[in-house]
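*Asks:*
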Amino acid sequence: MPSGWSMTTSAGCVPTSTSAAPAEMARLRLSWFPHASWLALRRRYHRRRAKPDSALVHFLDTPVADIDADWRQGEYLVLDFETTGLDPRQDRLLSVGWVVMRGPTIDLGTAHHEVINPRIGIPEQSAVIHCITDDAAAEGLPERVALEQVLEALTGRVLVAHNARFEIAFLNAACRRHFGAGLAIPVIDTLLLARQGFERRHLHHGPGELRLDALRGRYHLPRYHAHHALIDALATAELHSALCQDRVSPTGRLAVRNLLSVL
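Convert by adding 1 to the 1-based position in the sequence shown; the result is the number in my numbering.
1. List, from N- to C-terminal side, the beta strand (DSSP E) runs of 3 residues or more that fit wholly inside the segment 148-215.
2. Can the beta-carbon of VAL263 be found less than 8 Å from the beta-carbon of LEU255?
3. On the CB-based measure, 16 or more other CB atoms within 10 Å of its CB, does TRP99 come out buried or exposed?
4. Just to check my reading of the structure: LEU78 and ALA154 have Cβ atoms closer than 8 Å, yes? What is that Cβ distance to the nearest angstrom?
5. Taking the beta carbon of LEU204 as the centre, do at least 16 other beta carbons fall within 10 Å, making it buried, or is it exposed?
6. Assuming LEU95 and ILE133 form a contact by the criterion Cβ under 8 Å, report the distance between their Cβ atoms to the nearest whole angstrom.
7. What three-state label does DSSP hand ARG1 in the structure shown?
8. So TYR46 is in the alpha helix (DSSP H); what residue range does that whole segment cover?
9. Do the segment 166-184 and the segment 81-91 meet, that is, are 3 or more Cβ pairs less than 8 Å apart?
10. Where VAL159 and VAL188 are concerned, what is the direct C-alpha to C-alpha distance, given to the nearest angstrom?
11. Tell me the rounded alpha-carbon separation between ALA137 and ALA112.
12. Using only the alpha-carbon positions, how far apart do ALA128 and ASP233 sit?
13. Who are the near neighbours of ALA182 in its chain, counting only those whose CB is closer than 7 Å to its CB and skipping five residues on each side?
14. Alpha helix (DSSP H) containing THR134: first to last residue?
15. On the premise that PHE60 lies in contact with LEU152, defined as a C-beta separation below 8 Å, what is that separation, rounded to the nearest angstrom?
16. So, is SER38 buried or exposed, given that buried needs 16 or more other C-beta atoms within 10 angstroms?
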């Protein structure tokens, strides 16, 4: 998942510096989240447009996670995609990795990884990064099946990702292709959480300092091998736990709502 891309519209992504967004916008994305009824309205909107009896209908009919609960009681699905490229309008999912967190605890027994058959050629420049070849992808799951697995795992949980706009853009594009509508889910973006941490301490940060590997180093987390969806998801899960514990005192309360990003 590239950390230097953000979505400008629901249709696509353009490259941008991770430090380019105004500080005030970053604060707004993290310090305010709409009332749960706003999320419910969006879910009903997508529910009316979703194909009947699809996995998306079941997902949207299931209540969302309690965003007013303390973060230690929350359940999260930490997710990462590898893709054939960077444009959700024309590129496809190539692999997915996820792991469930319960509060600060990572449940390694839930770790899951799938290669996905994109049914399009994989550009050489992409294969060099994630090491998934056309032959390997041909043995992967159909995108629809992988997407159904993601929705099942995500049901009733908060999605966590690093530079979550990328994952959300591809997830929405895939849902529209197969199920006729997009998603409306509570999301935590560890990139935005980290940016807010810099600003709370009045610390300058360059574009590279919000990358996943750089932030892990800042929190004394071990180095990892990037560009494998499951490894990236596990790396993000560890960072998420560190960021949340850095944000609240051991006896203090931090509502899930206060961690959410408006994407």
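Note that the Cβ used here is the ideal one computed from N, Cα and C, for glycine as well.
*Replies:* If we stick to the structure as given:
1. 159-162 and 188-190
2. no
3. buried
4. 5 Å
5. exposed
6. 6 Å
7. For the chain, the structure presents residues 2 to 264; residue 1 sits outside this window and is missing.
8. 37-50
9. yes
10. 6 Å
11. 21 Å
12. 17 Å
13. HIS47, ARG50, ALA51, LEU57 and CYS176
14. It is not in any alpha helix (DSSP H) - THR134 carries neither H nor E in the DSSP assignment.
15. 4 Å
16. exposed
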